[in-house]
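Beneath this line is the structure, given in structure tokens, with notes to follow.
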Amino acid sequence: MKRLITSFLLCISIAAFSQANFQGKAIYQSKTTVDTDFGGRQMSEEQKKRILERMKNMLEKTYILNFTKEESIYKEEEKLEAPGSGRGFRFGGFAGGGTTYKNVKEGKLLEATELFGKNFLITENAEQPKWELGSETKQIGNYTCFKATLVKETSAFDWRNMRRRNRDNEEKKDTSNVKKVTDEVEMPKEIVVTAWYTPQIPVSNGPGEYWGLPGLILEINEGRTTILCSEITMNPSEKIDIKEPVKGKEITREEYNKVVKEKMEEMRERFRSRRGGNDRGGRGFH
15 MKRLITSFLL CISIAAFSQA NFQGKAIYQS KTTVDTDFGG RQMSEEQKKR ILERMKNMLE
75 KTYILNFTKE ESIYKEEEKL EAPGSGRGFR FGGFAGGGTT YKNVKEGKLL EATELFGKNF
135 LITENAEQPK WELGSETKQI GNYTCFKATL VKETSAFDWR NMRRRNRDNE EKKDTSNVKK
195 VTDEVEMPKE IVVTAWYTPQ IPVSNGPGEY WGLPGLILEI NEGRTTILCS EITMNPSEKI
255 DIKEPVKGKE ITREEYNKVV KEKMEEMRER FRSRRGGNDR GGRGFH
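In this note's numbering, the protein residues as written are 15 to 300.
What follows is the structure, encoded as structure tokens:
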């Protein structure tokens, strides 16, 4: 049954892909939920509400995906920030967001991002995600979407999947799918990612690093984060110009992860030093 569904969708995609100058624009809303115990500190509901409001810019974002048959650019929509709106909640010096470029024909993925004021251009091969196609469907706007899932290994630097360690129950709980980040923080080793895609828009693309399905991905559920398409414009009157990002130091994903790890360890040492009354300061980039 799954093979028949896949073959049918691919036939639709091939027919529609024959259209010349096929392009579009999709707007996505991203929302992440967090634990509200805030490290076990005693807080009133009003205090929690104020903190969540300040964190809103980090937890709720709008992204724009411009795409053609083979290429796409995915980036956060720029917004003017109100005074005190929570720019300090950028997870230390991690700016996040950035711009993700994909070329699904060439298997090329570039991510332009910022870390502690320095720009990086992360290059990697866009390997075909190992999706498992399902027959379940649902309607998103005017589009019929099909379900697909994959198991993804979490990154040690993805704050969205981090959670406070409950040491009181460590002996009771199953820790086979849990990895320690710090003495206070942990995260699952793997998570199940659910995608909803529509063959009515026959491009093998989607938000962020997600792609590889016989239709545009309109929704992603990844751990505590949901990314949902809220608006689509097909073949807009103004031509979409997609260019590879070029700004930043070229670096591989492995090299970038190493830099992030070093900066996280440095931040941890600085925090410990401050608590001990001896702030040794941090090292800059060289």
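All C-beta atoms in this analysis are idealised placements derived from N, C-alpha and C, irrespective of residue type, glycine included.
Straight-line Cα distance separating residue j from residue i
i           : j           : result
residue 107 : residue 149 : For residue 107, the predicted structure reports a pLDDT of 43, less than 50, and the residue's modelled location is therefore unreliable. The matter cannot be settled from this model.
residue 258 : residue 268 : 21 Å
residue 261 : residue 135 : 7 Å
residue 240 : residue 210 : 11 Å
residue 39  : residue 217 : 12 Å
residue 124 : residue 64  : 36 Å
residue 122 : residue 83  : 14 Å
residue 283 : residue 70  : 28 Å
residue 131 : residue 276 : 15 Å
residue 248 : residue 59  : 44 Å
residue 246 : residue 287 : 50 Å
residue 102 : residue 68  : Any reading at residue 102 must be qualified, since the residue scores a pLDDT of 39, below 50, and its modelled position is unreliable; the value itself is stated next. Their Cα atoms are separated by approximately 9 Å.
residue 75  : residue 219 : 20 Å
residue 117 : residue 285 : 41 Å
residue 81  : residue 87  : 7 Å
residue 206 : residue 221 : 16 Å
Continuous beta strand (DSSP E) stretch holding residue i: start and end
i           : result
residue 123 : 122-129
residue 147 : 146-154
residue 92  : Counting along the chain, residue 92 falls outside any beta strand (DSSP E), and DSSP gives it neither H nor E.
residue 43  : 37-46
residue 235 : 230-236
residue 227 : It is not in any beta strand (DSSP E) - residue 227 carries neither H nor E in the DSSP assignment.
residue 136 : 132-139
residue 248 : 239-248
residue 168 : Neither: residue 168 is in no beta strand (DSSP E) and is coded neither H nor E.
residue 256 : From DSSP, residue 256 is part of no beta strand (DSSP E); its letter is neither H nor E.
residue 252 : Taken as a continuous stretch (DSSP letters only), residue 252 belongs to no beta strand (DSSP E), as it is neither H nor E.
Option in the options with minimal Cα separation from residue i
i           : options               : result
residue 270 : 57, 168 and 129       : 129
residue 208 : 202, 218, 161 and 192 : 161
residue 155 : 281, 41 and 287       : 41
residue 77  : 244, 284 and 252      : 244
residue 273 : 140, 133, 221 and 227 : 133
residue 127 : 280, 263, 279 and 219 : 263
residue 144 : 247, 235, 225 and 281 : 225
residue 147 : 227, 192 and 92       : 227
residue 278 : 159, 192 and 172      : 172
Check whether residue i and residue j have beta carbons under 9 Å apart
i           : j           : result
residue 214 : residue 229 : yes
residue 79  : residue 73  : no
residue 90  : residue 112 : yes
residue 232 : residue 212 : yes
residue 37  : residue 250 : yes
residue 201 : residue 163 : no
residue 165 : residue 204 : yes
residue 115 : residue 256 : yes
residue 140 : residue 252 : no
residue 46  : residue 137 : no
Residue range of the alpha helix (DSSP H) that includes residue i
i          : result
residue 71 : 70-73
Paired residues, beta bridge with residue i - DSSP
i           : result
residue 215 : Looking at the DSSP assignment, residue 215 forms no beta bridge with any residue, so it has no partner.
residue 115 : 87 and 124
residue 163 : 146 and 208
residue 78  : 41 and 89
residue 263 : 134
residue 270 : The partner list for residue 270 (beta bridge, DSSP) is empty, contrary to what the question assumes.
Cutoff 9 Å: residue i Cβ touching any chain D Cβ
i           : result
residue 157 : Structure shown: chain D not included; a single protein chain is present.
Cβ-heavy atom distance, residue i to the ligand MN, below 8 Å
i           : result
residue 214 : The ligand MN is absent from the structure shown, which contains no ligand whatsoever.
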